[in-house]
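For reference, the structure is listed below as structure tokens.
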Amino acid sequence: MKNTQSFFPAETKIYMGFPTNIVIFFAVGVIFILVGFSGFYFNETQAIWPSLILGNILIGIGFWELSRRKKYSNQPQIVLNERGIQVIGHDFAEWKEIKYARVAASGAATSCLVFTHKDKEISVSLVGLNVKDDKLEIMLSHYRKSAK
509 MKNTQSFFPA
519 ETKIYMGFPT
529 NIVIFFAVGV
539 IFILVGFSGF
549 YFNETQAIWP
559 SLILGNILIG
569 IGFWELSRRK
579 KYSNQPQIVL
589 NERGIQVIGH
599 DFAEWKEIKY
609 ARVAASGAAT
619 SCLVFTHKDK
629 EISVSLVGLN
639 VKDDKLEIML
649 SHYRKSAK
């Protein structure tokens, strides 16, 4: 069996990933605005305002999501090491105080890191983070084993 120690750093920090949903909001918003302006060209006044309004709403949602992400993008959302887990908004949890830690499905195509710390269940959404579920499971297993 290979030594997995060399594959993992002493500490792993997980940050927000590339915001693909923001790009989609901006792209669809621009398309709706272009469709609205094409209504001026083709003299289709019924299509102008709903399209312009919907396009501006989608771009507004994109800017809101961008500002929300910018607030957290410089901070690691999850930190794993041989001592324990640190998630944003919660105290550091040592492995000896954690009953279980796993990646759980929380809906259609979404998952969460779920663990108990001092008899309190903590759940952190993995949506938008730069880590895959299976890789996080492997990291949890590795760091927990190396703590013993």
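To convert a position in the sequence shown, counted from 1, into the working numbering, add 508.
Heads up, the beta-carbon is just placed ideally off N, CA and C, and yes, glycines get one too.
- Residue range 628–633 is occupied by the beta strand (DSSP E) that includes lysine 628, with no alpha helix (DSSP H) assigned at that position.
- The beta carbon of asparagine 589 is closer than 8 Å to those of Ala518, Glu519, Thr520 and Tyr651 in its chain, skipping five residues each way along the sequence.
- In terms of Cα proximity to glutamine 583, the closest of Lys656, Ile522 and Ala655 is Ile522.
- Taking a cut-off of 8 Å for Cβ pairs, the region 629–641 and the region 607–621 touch, as three or more such pairs fall below it.
- Annotation note: the region 551–618 contains the following uninterrupted alpha helix (DSSP H) runs of length 4 or greater, listed N- to C-terminal: 553–580.
- Contact annotation: the region 558–565 touches the region 526–546, with at least three C-beta pairs closer than 8 Å.
- Linking alanine 613 to serine 575 through their CA atoms gives a straight-line distance of about 27 Å.
- When Cβ pairs closer than 8 Å are counted between the two stretches, the region 565–574 is seen to touch the region 525–536, the count reaching three or more.
- Going by DSSP, lysine 653 is part of no beta strand (DSSP E) but of the alpha helix (DSSP H) stretching over 641–655.
- When the beta-carbon positions are compared, phenylalanine 623 and isoleucine 646 stay at least 8 Å from each other.
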